[in-house]
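Residue numbers (mature numbering (1 follows the signal peptide of the UniProt record, and there is no 0)): -20 to -1, 1 to 237. Just so you know, even glycine gets a beta-carbon here, dropped at the ideal spot from N, CA and C.
Listed below in structure tokens is the structure:
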């Protein structure tokens, strides 16, 4: 009886291991077009969604998505609510203290969006006394607090970027610091973005802004990292990443330097 129970237990373990190796649950925050959002039919769409599907196909994995707020992505990954973060998350030293990452897949500059002719400048001096909106838990939040808040700039953090756009339209904030592609597709290209534009050049600080965007992984999950890194190489080599970039980020160089 003990032998039979052991055999059955081993069989169940093998079945579970096989299942786990063929399915990947992505964690994301679905309020950040053109990276990830829901369309009128309620379906997930965007660059990261198409990229995630392509990488799963290359790795022969079945994919699913689990939604949460951006600042809850790392805690959710660590709590095993999903297997990888696929939500335009930049690879930074600060985040590496908690989680691992795949290799960098693409890179997007960060830039201020504000009202045209407002006189706001993307410098500590030009923003003194102003209020800037950022996504809670983002590298843009970290950058604004480190470079601007100390110089008399008020930094307001939002659970999702659409809330920041609403406050920008209502005049509650003077500008919002976002990834340029999100600013263009999520606001400036829409009717509500009329009269607004990018302010100054993209901000720079590799320590805070990171080396590019990759998938976040639990510490020590070498099997998933190897599987996804191999798939990333495949979709880079066959031109998939470039094709998706042209579709979602026209005119923006997303290559990892």
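Fill in: residue 3 versus 105, 110, 33, residue with shortest Cα-Cα distance
Selected option, being the one with the closest Cα: 33.
Worksheet item: Is the Cβ-Cβ distance between residue 91 and residue 13 less than 7 Å?
Response: With respect to the 7 Å criterion, residue 91 and residue 13 are not classified as neighbours on the basis of their beta carbons.
Worksheet item: By how many angstroms is the C-alpha of residue 149 removed from the C-alpha of residue 220?
Response: The straight-line gap from Cα to Cα measures roughly 36 Å.
Practice prompt. Rounded to whole angstroms, what's the CA-CA distance from residue 165 to residue 74? Just pull it up for me.
Written response: Rounded to whole angstroms, residue 165 to residue 74 spans 28 Å at the Cα level.
Worksheet entry | Segment contact, 8 Å Cβ cut-off, at least three pairs: the region 6 to 26 with the region 55 to 68 | They touch, by the three-pair rule.
Worksheet item: How about residue 200 and residue 82: are their beta carbons less than 7 Å apart?
Response: Taking 7 Å as the cut-off, the Cβ atoms of residue 200 and residue 82 do not count as close.
Worksheet entry | Burial state of residue 172 (16 or more Cβ within 10 Å) | Taking every protein chain shown into account, the CB of residue 172 has fewer than 16 other CB atoms within 10 angstroms, so this residue is exposed.
Worksheet item: Could you check where the alpha helix (DSSP H) with residue 155 kicks off and where it finishes?
Response: Note, residue 155: premise wrong, no alpha helix (DSSP H); beta strand (DSSP E) at 155 to 159.
Worksheet entry | Distance, residue 184 Cα to residue 114 Cα | Those two C-alpha atoms are separated by around 16 Å.
Discussion item. Taking DSSP's pairing of strands, which residues face residue 86 in a bridge?
Written reply: 193, per the DSSP bridge assignment.
Worksheet item: Nearest to residue 49 by CA position, among 216, 30, 80, 137, is which residue?
Response: Residue 49 has its Cα closest to that of 137, out of 216, 30, 80, 137.
Worksheet item: Quick one: is residue 96 buried, meaning 16 or more other Cβ sit within 10 Å of its Cβ, or exposed?
Response: In this structure residue 96 is exposed. Its beta-carbon is surrounded by fewer than 16 other beta-carbon atoms within 10 angstroms.
Worksheet item: In or out: residue 230 buried (at least 16 other Cβ within 10 Å) or exposed?
Response: Looking at its Cβ environment, which holds fewer than 16 other Cβ atoms inside 10 Å, residue 230 is exposed.
Worksheet item: beta strand (DSSP E) containing residue 27: first to last residue?
Response: Where residue 27 is concerned, there is no enclosing beta strand (DSSP E), although the alpha helix (DSSP H) it sits in stretches over 27 to 39.
Discussion item. Give me the residue from 232, 227, 235 with the minimum Cα distance to residue 27.
Written reply: Ranked by how close their Cα comes to the Cα of residue 27, the residues 232, 227, 235 have 227 in first place.
Worksheet item: Counting along the chain, where does the alpha helix (DSSP H) carrying residue 206 start and finish?
Response: First-last of the alpha helix (DSSP H) with residue 206: 202 to 217.
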